[in-house]
Structures are given as structure tokens and as C-alpha cells.
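S.K.: Residue numbers (my numbering): 93 to 279. C-beta: ideal position from N, C-alpha, C; glycine also. It should be emphasised that the depicted structure is a prediction, and the values quoted were computed from it without experimental measurement.
Here it is as C-alpha cells:
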């Protein structure tokens, strides 16, 4: 038993900062980084789409929610850059087909609904919540991957982003349920 402890201590001293042993060479690590690149692309494109969604919103409450989310999304981009640094990878983006589709759907909702209506706001909330649910699923999984690889510093950052995405989803639900859906159903 004591020999095992000494071996573990020796192995631990050889580990690069932030990485577990040869984890950076593993297929799992490569997959993790590939998915980081995917969500990085997603966030960078979302931050560009949110001002358009804000402009299209009818209610000031929804417009404010989109403005707030744009600022938070910019923070997520910065936090993802920290994650890339912690896993000793260059921050780079890989096209996210899922986010591209979700943002295209949001554009379609804007095109297909009448300006100044609550139906448009209900549609924008739907589109935004689809984005949030995608982000929640992605960050939750990436956090679990980081836990499995022993990246506790990365886990903490991904947990912050995940909790922020969940809070945004709740805020959108509150706007929808407080007045948007009811008014939209009467238009």
C-alpha cells in the first residue's frame, strides 16, 4: 500500500499544470477540446445575433433580457478562453451546426411574424429558450467531462457558465408567463 502511495506521488509530480498525466493526448481530451471549439463558435455567433433579436422584440422586458444576455454571452466567450488556456489549447472555433440552425430558426421567426406583436415576442422567447437548452446540455456535459479528467479549475468555470444559462432560461420563462404568452394568444 505504501509503495502505491509513493508511485502516485511521483506520478502526480510529473503531471502538467491543469492536465491529468497524458490526458492531453487521449481521445477523450481531444473530443472535449473539439466540443469546446464547437460551443466557442456558438457563443461567438450568438453574441452577434442577440442585438438583432433585441431590436425585433416588441416588449421592453424581452429587449432588456436580450441585452443582458448579450453581455453575459460576451463573458462566456472570455471564460471559454480561460478554459482553453487551462487545458493548454489555443482558443479556436469550430462551426457549430446546431447553433447555426437555431439562429437561422430565430431569423425565420422574425421574418414570419408581424413587427410589434406579442406573437413575435412569444416566438423569440421560444427561439431563445431552444438556444438556452442547447447551451445547458452542452455546458452540463462539458462540466462532467472535465470532472472525469480531473480538471477541477475548468469544472468551476463551466459550472458558472451553466448556472448563468439556467438563470437566463428561467428569466425568459418569467417574461413569457408574466404577460407575453397571454397577450400573444389574444392577437
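(1) Grouping DSSP H, G and I as helix and E and B as strand, with all else coil, what is residue 242?
(2) Based on Cα-Cα distance, which residue from 243, 171, 211 lies nearest to residue 277?
(3) For residue 136, which residues in the same chain have their Cβ closer than 7 Å to its Cβ, ignoring the five residues on either side in sequence?
(4) To which residues of the same chain is residue 172 closer than 6 Å at the C-beta, ignoring the five residues directly before and after it?
(5) For residue 279, name the three-state secondary structure that DSSP assigns.
(6) Looking at the secondary structure, which residues open and close the alpha helix (DSSP H) in which residue 149 lies?
(7) In its own chain, which residues sit with a C-beta less than 8 Å from the C-beta of residue 164, not counting the 5 before and 5 after it?
(8) Let's see if you can read the secondary structure: which residues bound the alpha helix (DSSP H) around residue 204?
M.R.: Reading from the atomic positions:
(1) Coil at residue 242, not helix or strand.
(2) Answer by Cα proximity: 211.
(3) So the qualifying residues of the chain are 169, 185.
(4) Result list for residue 172: 132, in chain order.
(5) When secondary structure is reduced to three states using DSSP, residue 279 falls in the coil class, being assigned neither helix nor strand.
(6) Here residue 149 belongs to no alpha helix (DSSP H), and DSSP marks it neither H nor E.
(7) Correct list, in chain order: 256, 260.
(8) For residue 204, the enclosing alpha helix (DSSP H) has its first and last residue at 189-204.
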